[in-house]
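K.L.:
So the mapping is simple: my numbering equals the position in the sequence shown, first residue as 1, plus 296. Idealized CB from N, CA, C, for every residue including glycine. Following this message is one structure expressed as structure tokens.
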Amino acid sequence: MGDTLIIAIDGPSAAGKSTIAKMVADSLGIEYVDTGAMYRAVAYKLEQRGIAETDRDEIQRILAETTIRFSNGRTLLDGEDVSERIRTPEIARQASLVSALPEVREILVLLQREMGTEQSLIMDGRDIGTNVFPTATHKFFLTASVEERAKRRYAELIALGEEANLADVATAIADRDHNDSTRAIHPLRKAADAVELDTTTMSPEEVTAQILSVIRGKENA
297 MGDTLIIAID GPSAAGKSTI AKMVADSLGI EYVDTGAMYR AVAYKLEQRG
347 IAETDRDEIQ RILAETTIRF SNGRTLLDGE DVSERIRTPE IARQASLVSA
397 LPEVREILVL LQREMGTEQS LIMDGRDIGT NVFPTATHKF FLTASVEERA
447 KRRYAELIAL GEEANLADVA TAIADRDHND STRAIHPLRK AADAVELDTT
497 TMSPEEVTAQ ILSVIRGKEN A
């Protein structure tokens, strides 16, 4: 890996990964890669094309002509900013299904690893520290109660102008947890050498400060 700094942040849905990763990236002056947004972007494109998750051949064809990039915190799908459009509960549900498809994971993981050879970065997802970058410089695993995560996701949806019900959001998150942790291909799990942080009662600033302390402490050791 040379002098390239790779920071992996894993954890379940709405544990604060994206918010924290952005803050850490800004503090360190490195790139932030939102892998969850990549799977959401694929799910969004399949929905727009009317392609079912069971149509493996068509999915592979679509992936071959798909580009996903990040610019200033925005998600670009085939050059188009879809940052807000991929944040709906339905796209989240579909992304969980899409991420379980071996052909989708294989292509996106290769793309994620390629990004890591080009620059220092912080990447968040479900299997970054266990699969995408098992030799990452630093690994963190963020958790929070289902209730707290539902409140966070509900607030995000309301801020986007979406209609949402807190109980429904909590159910969706619990379902997502089950899907992510039981899928056959690289399920959600904590890497043995990852630092685990329960963010239930912590502010984003507190979590960020703790992560930066670990990183700087290790770098100065």
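Which two residues bound the contiguous beta strand (DSSP E) that contains M419?
P.N.:
Per DSSP, M419 belongs to the beta strand (DSSP E) from 417-421.
K.L.:
V428 and R409 - do their beta-carbons sit closer together than 8 Å?
P.N.:
Against a cut-off of 8 Å, the Cβ pair of V428 and R409 comes out as a contact.
K.L.:
With which residues is H434 paired in a DSSP beta bridge?
P.N.:
DSSP lists I303 as partners of H434.
K.L.:
Is the beta carbon of L484 closer than 8 Å to that of P308?
P.N.:
Cβ distance < 8 Å, so P308 and L484 count as in contact.
K.L.:
From the DSSP output, in three-state form, read off E492 for me.
P.N.:
The answer is strand: DSSP assigns E492 an E or B state.
K.L.:
Considering only residues of the segment 311-384, which uninterrupted beta strand (DSSP E) runs meet the minimum length of 3 residues and lie entirely inside it, listed in chain order?
P.N.:
The qualifying runs are 327-330, 364-367, 370-373.
K.L.:
What's the gap between the Cα of A311 and the Cα of I507?
P.N.:
Cα to Cα, A311 sits roughly 14 Å from I507.
K.L.:
Between which two residues does the alpha helix (DSSP H) holding G412 run?
P.N.:
Run containing G412: 398-414, per the alpha helix (DSSP H) assignment.
K.L.:
Less than 6 Å between C-beta atoms, sequence neighbours within five positions excluded: which residues of the same chain meet that for E399?
P.N.:
Cβ neighbours of E399 beyond the five flanking positions: Q356.
K.L.:
Specify, as a first and last residue, the run of the alpha helix (DSSP H) that L453 falls within.
P.N.:
Segment 442-455, the alpha helix (DSSP H) holding L453.
K.L.:
Assign T504 to one of three DSSP states: helix, strand, or coil.
P.N.:
Residue state, collapsed to three classes: helix.
K.L.:
Tell me, please, which residues DSSP counts as bridged to T439.
P.N.:
Per DSSP, D494.
K.L.:
The alpha helix (DSSP H) with L462 in it runs from where to where?
P.N.:
That run of the alpha helix (DSSP H) goes 462-478.
K.L.:
Grab me the residues of E349's own chain with a C-beta within less than 8 Å of its C-beta, minus the 5 sequence neighbours each way, in chain order.
P.N.:
Excluding sequence neighbours, E349 sits near L342, I355, Q390, L393, V394, L397.
K.L.:
Quick test of your reading: A466 and A446, contact by CB under 8 Å. State the CB separation rounded to the nearest angstrom.
P.N.:
Confirmed, Cβ separation roughly 4 Å.
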